[in-house]
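Numbering (my numbering), first residue to last: 2 to 59.
The beta carbon of each residue, even a glycine, is placed where N, CA and C say it ideally should be.
Only one structure is covered here, and it is reproduced in the block below.
Below, the structure is given as structure tokens:
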């Protein structure tokens with residue numbers, strides 16, 4: 002049975018990503034390796050959201 006290629010996740014708004022980053026930092030989530038990994042993922046998502054905002058404004 003053929004598998005479907007994974008679809009990229011829908012981009013979240015800049016404010017939604019920022020909210021999750023703030024929550025992670027507020028909970029001290031960077032103490033664990035998993036927290037650090039999630040933080041790095043969120044930074045990449047945040048940068049993509051910023052680029053999306055700039056593209057829409059242009």
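Item: Please classify residue 14: does DSSP put it in a helix, a strand, or coil?; Value: coil
Item: Assuming residue 15 contacts residue 51 (C-beta within less than 8 Å), just tell me the rounded distance between them.; Value: 6 Å
Item: Excluding sequence positions up to five away, which residues of its chain have a Cβ less than 8 Å from the Cβ of residue 22?; Value: 40, 43, 44 and 47
Item: With DSSP run on the structure shown, which of helix, strand or coil describes residue 36?; Value: helix
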